[in-house]
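According to the numbering used here, the sequence shown is numbered sequentially starting from 6.
Quick reminder that beta carbons are idealized off the backbone N, C-alpha and C, glycines included.
A quick note: this is a predicted structure, and the numbers were derived from the prediction, not measured.
Everything on this sheet refers to the single structure shown next.
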Amino acid sequence: STKILDELPKCVDIVDENCKIVYLNKLLQKKVGKSAIGKKCYQVYKTNKKQCMGCPLKKPNKVDGAKTIEVPGIIGGKTFSITHKGIKIGDETYVLEVFEDVTEKNKKEDSHKKLIWQLDQSQKVAGIGSWEWNIEEDEVLWSDETYRLFGLKPQSLPVKYRTFLPYVHPDDRKRVMNLVSNSANKGIPLEYETRIILKNKEFIYYVKADVIKNKEGKPARLVGTIQDITERKKTEEELAQYKFIIEQST
């Protein structure tokens, strides 16, 4: 019954196998007018009046089969996700189309992707990675740069709290584990330097994190950064040596 379709909060139409509109629900009628009935759907909806790329109507319709495509330039230049479903009315086969405006959703997703890209680029330049540890679930998120700092391809494998431990110098592991335990159990902010072993080479990394507590005041997450400070430490040591030599010669 079309009464049910008329009450739906989404735009709905029914088209025949030649793309001609045979029904518009009330919401879609408000957007394109009742006079659109009898016209080809893409000539009514599309800004460029051309049939959609990947349009299911280009092939014979299968009753009960469904396909969803995302189409830009629809009804005022917006982007719609359109689900096509084959239906039978009497002896004829038609296609029910359900429209969902995803313009704002896509904009937000694109904006989010842009921010992620900008963050990754800034971290890459600075050599600083970011990470987050959900203590209760033991779920860890590493930024792309954090993966790179451990010689791994970005997002190449899932990580846990203990993923980084094998990279920590054996003589530093107990101290690092105690510091992390104090943060996770007592809510003490995390900050330390440690030696990291990568491909039989030794580096010095600086780790810092804040503790995010839950409603009960217990530590729930650690959110922090990690940075390779090997060259900085070498420079500091060299300056200290120069200073010692100068002081000894005066």
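CA-CA distance, residue i and residue j?
| i | j | result |
| --- | --- | --- |
| G59 | N139 | 42 Å |
| G82 | V212 | 48 Å |
| D233 | D143 | 24 Å |
| P163 | T7 | 49 Å |
| P171 | I251 | 41 Å |
| T240 | E207 | 16 Å |
Within a Cβ cutoff of 7 Å, which residues of the same chain sit near residue i, ignoring the five residues on either side of it in sequence?
| i | result |
| --- | --- |
| G43 | K25 and I26 |
| N187 | I193 |
| K72 | P61 and H89 |
| K238 | I209 |
I need the DSSP call for residue i, collapsed to helix, strand or coil.
| i | result |
| --- | --- |
| E243 | helix |
| E236 | helix |
| I14 | Note on residue identity: the sequence assigns Pro, not Ile, to residue 14. If DSSP states are grouped into helix, strand and coil, P14 belongs with coil. |
| V216 | strand |
Using a Cβ-Cβ cutoff of less than 6 Å, which residues in the same chain neighbour residue i once the five nearest sequence positions on both sides are dropped?
| i | result |
| --- | --- |
| V181 | V173 and T199 |
Whose C-alpha, out of the options, is nearest the C-alpha of residue i?
| i | options | result |
| --- | --- | --- |
| P61 | C46, N53, K54 and T52 | C46 |
| V103 | P77, T168, L227 and L10 | L10 |
| E196 | I202, V185 and N205 | V185 |
| K29 | D21, N23, C16 and E22 | The sequence given here has Leu at residue 29, not Lys. Comparing Cα-Cα distances from L29 to each of D21, N23, C16 and E22, the minimum goes to C16. |
| V20 | I94, K36, S148 and A214 | I94 |
| D18 | K63, N183 and E105 | E105 |
| V107 | F85, Q126 and V145 | F85 |
Within a Cβ cutoff of 8 Å, which residues of the same chain sit near residue i, ignoring the five residues on either side of it in sequence?
| i | result |
| --- | --- |
| P224 | I140, S188, A189, N190, K191, G192, V216, I217 and K218 |
| I133 | E150, T230, I231 and Q232 |
Using DSSP's beta-bridge definition, name the partner residues of residue i.
| i | result |
| --- | --- |
| V20 | I26 and V100 |
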